[in-house]
Amino acid sequence: MITVYRLLAFGLFLLIWWTVSLIVGPNLIPTPLNTVFAARDLLRDGKILEPLLSSLAVYSTGYALAVLVGIPIGMLMGGIRDLGRTLDIYVNALMATPRVAFIPLIILFLGLGAEAKIAVVFLGAVIPILIGTYSGILNSDAELIEMARSLGASRSQIYWRIMLPGALAFVVIGLRIGATIGLINTVVAELYTAASGLGGLLALYGNTFQMARYFVVILALSLIGGLVSQGLRALEAWSSRWRVTAGN
Amino acid sequence: MNPTPSVVVSHVSKIFKRAKDLAPVEALRDVSLELPANTFVTLLGPSGCGKTTLLRMINGLIQPDSGEVHVFGKPPKPGPRIGFVFQSFRLIPWLNVRNNVGFGLSLQGVGEAERKERVDHYLKLVGLSRFADVYPHELSGGMKQRAALARALVTEPEILLMDEPFASLDAQVRELMQMEMMRLWSERRGIVLFVTHSVDEAIIMADKIALMGPRPGRIVETLDVPLPRPRWDDSIKMQRDYIELRRYLWDRIREMVTQDPSSDFYAGEPDKS
């Protein structure tokens, strides 16, 4: 049933898009049909494939680094209370700072190439992943910890068997927020350093009024975002498969 | 010939500090208690009399400020020799029933084959064999507490500490669980220290009742329960000994509660005239 509703909503969306493009003129907003034609052309002459792969490479490398750094640091901060208390105000301050503010600095150190872009993605994604992991461990269930102690569990057993598995849902939330910010920062980095990838195409087509092609790039970005977020939702469902299922 | 009791609590006091602007709470004052081997003892008292604190102290989860606790001649250490059953079940939600029951064994490093065998035995004993692969959220309250009981029993503890284990169950399930507990205990004795605020539960389960009073928490009186076992059926509640013991305990508790200024039922200063 929900699939039918979703299709109806999609139809409505297309209708609104089409109406708006007729009102403001297809030179500013292309019709859905023109966008489809543009997508076909771009796929046929291969002009979108190379930028797409380049963006995906930047995104996935930066995100993977963020996971590899964010989760262990969050685990350390959660496991060693004094370390967590020392660092958490700085981490929160960094979370509140727009990390794109660091782009000029990053360019100074890493130049305009892929390394700089990966650094921008990494910086955007790592903080929410770190905070998710850290707060998951902080939120562990005191009653379960006491239960484990009563059975003679050591501190490290309590950490690995109770606190860390209990933090999993928070970690996944951090991963999801990190994935979203990472994708945003991918495009921002491609616009603000040497133009390349899908961000570069956006600039190119936007500046030269090729609006149908411009829209294709936007749709490609939404597609990536949608797929990544679906994948992480599947991870979330898996990580909390023992919970009461309250519908999807 | 009187062998040393397995659990000896002598002159124990405990004060909990609270946030700056709140007065500290005197949880226990000069509490002494002995638990002889193979005895079922209930700790009875109104809320706020330190029953849970005393239990956690005997487990070694917290230390007394003064006085001493000895279990098998030594200060207690949490572990497989002392089982603990909590009111809130405390099953690990991401483990199925089998792994919850085997949790203590896996902490000790008991191998998988032996663990499975011992877990299966206790699952059967509490009637949960069919639910071994189910997650806790799929269980009813009574079944959750059976699983928690099996988890406490599977390490073969010599002492079982139970903190109002049936208080969150509905009245019928509670009575059935009481019967179940007595059946288990008749098969597998040992020391049980069972905290409750239900007078009936305290009498029907126990060989010995320690009556506690509130603020500061202290033991007011210990009484032997003169009723014969087994006490499977309800007719026990019509025996004269039962009725008299029940009335006596209720009078004592009512007295304590109405004279406790921080209780909802405080009746004011006794009339001096």
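Here the protein sequences come in this chain order: A and B.
At position 205 of the first sequence the residue is numbered 205 (the numbering used here), and the sequence of numbers has no breaks.
At position 116 of the second sequence the residue is numbered 1116 (the numbering used here), and the sequence of numbers has no breaks.
All C-beta atoms in this analysis are idealised placements derived from N, C-alpha and C, irrespective of residue type, glycine included.
All of these numbers come straight from a predicted model, not from anything done at the bench.
Exercise. Of the choices Trp160/A, Ala66/A, Pro51/A, whose alpha-carbon is the least far from that of Ile218/A?
Worked result: As a first step, residue 218/A is located in the first sequence; it is residue number 218 there, counting from the start. For Ile218/A, the nearest C-alpha among the options comes from Pro51/A.
Exercise. Tell me which same chain residues have a C-beta within less than 7 Å of the C-beta of Leu83/A, skipping the five on either side of it?
Worked result: Counting from 1 along the first sequence, the entry for residue 83/A is found at position 83. Only Leu76, Met77 meet the Cβ criterion.
Exercise. How big is the Cα-Cα spacing for Pro1261/B and Ala1267/B?
Worked result: Counting from 1 along the second sequence, the entry for residue 1261/B is found at position 261. Counting from 1 along the second sequence, the entry for residue 1267/B is found at position 267. When the Cα atoms are used, Pro1261/B and Ala1267/B turn out to be separated by approximately 8 Å.
Exercise. Is the shortest distance between the beta-carbon of Ala153/A and the beta-carbons of chain B less than 8 Å?
Worked result: Within the first sequence, the letter at position 153 stands for residue 153/A. Yes, because at least one Cβ of chain B sits closer than 8 Å to the Cβ of Ala153/A.
For this session: Check whether the Cβ of Gly1079/B lies closer than 8 Å to any Cβ atom in chain A.
Result: The residue labelled residue 1079/B in the question sits at position 79 within the second sequence. True, the Cβ-Cβ gap to chain A drops below 8 Å.
For this session: Please decide whether Glu50/A counts as near chain B, where near means a Cβ-Cβ distance under 8 Å.
Result: Residue mapping note: residue 50/A aligns to position 50 of the first sequence, counting from 1. Closer than 8 Å: no.
Problem set entry | Reduced DSSP secondary structure (H/G/I, E/B, other) of His1137/B | Taking the second sequence and counting its residues from 1, the one referred to as residue 1137/B is at position 137. It is helical.
Exercise. Which bits of chain B does Met147/A rub up against, with CB to CB less than 7 Å?
Worked result: Here the question's residue 147/A lines up with position 147 in the first sequence. Result: Phe1086, Arg1090.
Problem set entry | Per-residue contacts from Pro165/A into chain B (C-beta, under 7 Å) | One-based indexing of the first sequence puts residue 165/A at position 165. What Pro165/A touches in chain B: Trp1094.
Exercise. Does the Cβ-Cβ distance between Phe1103/B and Met1205/B come in under 8 Å?
Worked result: As a first step, residue 1103/B is located in the second sequence; it is residue number 103 there, counting from the start. As a first step, residue 1205/B is located in the second sequence; it is residue number 205 there, counting from the start. Remark: C-beta atoms of Phe1103/B and Met1205/B do not approach each other more closely than 8 Å.
Problem set entry | Per-residue burial, Gly11/A [other beta carbons within 10 Å of its own, 16 or more giving buried] | Counting from one through the first sequence, the residue named residue 11/A turns up at place 11. Exposed, because fewer than 16 other Cβ atoms sit within 10 Å of the Cβ of Gly11/A.
For this session: Determine the direct distance from the alpha carbon of Leu1061/B to that of Val1154/B, and round the result to whole angstroms.
Result: As a first step, residue 1154/B is located in the second sequence; it is residue number 154 there, counting from the start. As a first step, residue 1061/B is located in the second sequence; it is residue number 61 there, counting from the start. Going by C-alpha positions, Val1154/B is about 20 Å away from Leu1061/B.
For this session: Can you tell me which of Gly136/A, Val187/A, Asn34/A puts its alpha carbon nearest to the alpha carbon of Ile71/A?
Result: Position 71 of the first sequence holds residue 71/A. Looking at Gly136/A, Val187/A, Asn34/A, the one whose alpha-carbon comes closest to that of Ile71/A is Gly136/A.
Problem set entry | Within 8 Å, strictly: CB atoms of Ala167/A and Gln157/A | Here residue 167/A refers to the residue found at position 167 of the first sequence. Here residue 157/A refers to the residue found at position 157 of the first sequence. Taking 8 Å as the Cβ cut-off, Ala167/A and Gln157/A do not qualify as a contacting pair.
Exercise. Tell me the DSSP bridge mates of Asp1162/B?
Worked result: To locate residue 1162/B, count along the second sequence from 1; it is residue 162. According to the sequence shown, residue 1162/B is Met rather than Asp. In DSSP, Met1162/B forms a bridge with Val1085/B, Phe1194/B.
For this session: Determine contact between the stretch 1162 to 1174 of chain B and the stretch 1118 to 1136 of chain B, defined as no fewer than three beta-carbon pairs at a distance below 8 Å.
Result: At 8 Å Cβ cutoff, the stretches do not touch.
Problem set entry | One or two residues paired with Thr1222/B in a DSSP bridge | For the purposes of this step, residue 1222/B is taken as the residue at position 222 of the second sequence. Bridge partners of Thr1222/B: Ala1210/B.
For this session: Tell me where the beta strand (DSSP E) around Arg1029/B begins and ends.
Result: What you label residue 1029/B is simply residue 29 of the second sequence in a count that begins at 1. 1025 to 1035 is the span of the beta strand (DSSP E), which, as asked, contains Arg1029/B.
For this session: Could you tell me if Arg1247/B is buried or exposed, where buried requires 16 or more neighbouring beta carbons within 10 angstroms of its beta carbon?
Result: Along the second sequence, one-based indexing puts residue 1247/B at 247. Around the beta carbon of Arg1247/B, fewer than 16 other beta carbons lie within 10 angstroms, which makes this residue exposed.
Exercise. What number of angstroms, rounded off, separates the C-alpha of Asn248/A from the C-alpha of Ile2/A?
Worked result: Along the first sequence, read from residue 1 onward, the residue named residue 248/A stands at position 248. Along the first sequence, read from residue 1 onward, the residue named residue 2/A stands at position 2. For Asn248/A, the predicted model reports a pLDDT of 38, less than 50, meaning its position is unreliable; a value from the coordinates is still stated below. Pairing Asn248/A with Ile2/A, the inter-Cα distance amounts to about 10 Å.
Exercise. Among Val1085/B, Lys1144/B, Glu1175/B, which has the Cα closest to the Cα of Arg1056/B?
Worked result: For the purposes of this step, residue 1056/B is identified with residue 56 of the second sequence, where counting begins at 1. Here the closest residue by C-alpha is Val1085/B.
Exercise. Ends of the alpha helix (DSSP H) at Thr1052/B?
Worked result: In the second sequence, the residue the question calls residue 1052/B occupies position 52. Run containing Thr1052/B: 1051 to 1059, per the alpha helix (DSSP H) assignment.
Problem set entry | At least three beta-carbon pairs within less than 8 Å, the stretch 1065 to 1085 of chain B to the stretch 205 to 216 of chain A | Segments in contact, no.
Exercise. At a Cβ threshold of 8 Å, is Glu143/A touching chain B?
Worked result: Here residue 143/A corresponds to residue number 143 of the first sequence, with the count starting at 1. Cβ-Cβ to chain B under 8 Å: yes for Glu143/A.
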